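Have a look at the structure below before the remarks.
Numbering (the numbering used here), first residue to last: 66 to 368.
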């Protein structure tokens with residue numbers, strides 16, 4: 066098995082596959098954990114009552130998998146050839162061949178692309194309400210966006226924060242209708258229609274945002290304790306385009322079996338179509354992928 070991406074889904078697939086007797090290698094271009102490694106405190110992963118930082122959790126997952134014989138190679142995957150019984154993976158470190166592939170490259174948050182955004186991640190700039198919402202209990206937050214992810218984040222935050230202000234560049238939500246009524250009826254949710262965020266205000270952490278009306282051009286300031294940027298994610302699927310079936314947004318079409326349209330290739334974690342993108346669901350995907358990889362190999366050998 067070749068695992069592309071060393072996040073929680075990838076290392077769980079590797080762990081389960083190695084324990085089942087498969088030879089497994091994980092190809093990761095940076096470090097274990099993926100996006101998780103950038104999270105300062107993870108409070109919603111079971112088994113850590115005091116929480117754990119994402120970098121440590123990623124390293125722990127790597128060490129646990131390697132205890133059962135998994136190998137890790139720090140290499141960037143440049144291209145893949147997934148058809149046929151033997152899959153070919155071209156990397157910056159050479160070519161790898163495997164009978165099964167687990168694709169777990171994740172999805173990166175879509176950024177606003179304004180000054181100080183990257184610098185203040187973890188200090189008031191957030192991309193996941195389910196991950197970081199509890200840090201803003203009783204506080205004021207801004208949610209940027211108007212699609213399903215923004216609406217879902219705002220609804221969740223409305224149950225935690227004192228006040229939620231939605232900033233959207235249009236004059237109505239693009240989110241599905243199921244979100245509209247509960248958000249409109251929430252007493253602590255405000256809307257700033259036809260506005261974009263032009264500047265993040267900060268000292269040691271985020272203290273507010275400057276917004277600009279796209280119709281009048283007028284600028285104003287919203288004081289807040291945190292900003293949730295919810296304008297979508299960008300799945301890392303460029304190298305499999307044309308081989309694996311993708312959604313219009315670029316996610317790999319795969320159900321709870323993690324199977325893709327190519328036999329022997331499995332998609333786990335944030336990179337595949339799914340309702341909830343969290344560490345715990347990525348881990349579950351990894352275990353499922355290993356199970357079906359075993360089944361696939363047994364059937365191939367029988368043939």
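Where a beta carbon is used, it is the ideal one built from N, C-alpha and C, also for glycine.
If you're wondering where the values come from, they're calculated on a predicted model, not measured in any experiment.
{"Query": "Under 8 angstroms between C-beta atoms, does residue 150 make it to chain E?", "Result": "Protein chain content of the structure displayed is limited to a single chain, and chain E is not contained in it."}
{"Query": "Could you pull out every unbroken alpha helix (DSSP H) segment of at least 4 residues lying fully inside the segment 192-217, listed in chain order?", "Result": "194-197"}
{"Query": "Counting Cβ pairs, one atom from each stretch, are 3 or more of them under 8 angstroms apart for the segment 239-247 and the segment 255-263?", "Result": "no"}
{"Query": "To the nearest angstrom, how far is the alpha carbon of residue 343 from that of residue 365?", "Result": "32 angstroms"}
{"Query": "In the DSSP assignment, what are the bridge partners of residue 155?", "Result": "144 and 160"}
{"Query": "As an exercise, report each continuous alpha helix (DSSP H) stretch of at least 4 residues that is fully enclosed by the segment 241-301, in chain order.", "Result": "245-250"}
{"Query": "Can you tell me the Cα-Cα spacing of residue 143 and residue 349, whole angstroms?", "Result": "27 angstroms"}
{"Query": "Can you tell which of 214, 205, 245 and 295 has its C-alpha closest to the C-alpha of residue 229?", "Result": "205"}
{"Query": "Report buried or exposed for residue 235, applying the criterion of at least 16 other Cβ atoms within 10 angstroms of its Cβ.", "Result": "exposed"}
{"Query": "Within a Cβ cutoff of 8 angstroms, which residues of the same chain sit near residue 371, ignoring the five residues on either side of it in sequence?", "Result": "Outside the shown range of the chain (66 to 368) lies residue 371, about which nothing can therefore be said."}
{"Query": "Pair every Cβ in the segment 293-304 with every Cβ in the segment 187-201, then say whether three or more of these pairs are closer than 8 angstroms.", "Result": "yes"}
{"Query": "Could you tell me whether the segment 86-95 touches the segment 67-74, using the rule of 3 or more Cβ pairs below 8 angstroms?", "Result": "yes"}
{"Query": "With 16 other CB atoms within 10 Å as the buried threshold, where does residue 320 fall?", "Result": "exposed"}
{"Query": "Check residue 120 in the structure and name its three-state DSSP category.", "Result": "helix"}
{"Query": "Which complete beta strand (DSSP E) runs does the segment 298-358 hold, if anything under 3 residues is left out?", "Result": "298-300 and 330-332"}
{"Query": "Output yes or no for whether 8 angstroms exceeds the beta carbon distance between residue 202 and residue 225.", "Result": "yes"}
{"Query": "Report, in whole angstroms, the separation of the C-beta atoms of residue 74 and residue 351, which I expect to be a contact under 8 angstroms.", "Result": "4 angstroms"}
{"Query": "Kindly list the residues whose CB is nearer than 6 angstroms to the CB of residue 288, restricted to its own chain and excluding five residues on each side of it in sequence; keep chain order.", "Result": "273"}
{"Query": "By how many angstroms is the C-alpha of residue 81 removed from the C-alpha of residue 297?", "Result": "31 angstroms"}
{"Query": "What would DSSP say about residue 109, mapped onto helix, strand or coil?", "Result": "coil"}
{"Query": "The beta strand (DSSP E) with residue 420 in it runs from where to where?", "Result": "Summary: the structure shown does not reach residue 420, with the chain confined to residues 66 through 368, and so no result is reported for it."}
{"Query": "Whole-angstrom Cβ separation of residue 183 and residue 164, contact assumed at under 8 angstroms?", "Result": "With 8 angstroms as the limit, residue 183 and residue 164 do not qualify as a contact, their Cβ atoms being about 40 angstroms apart."}
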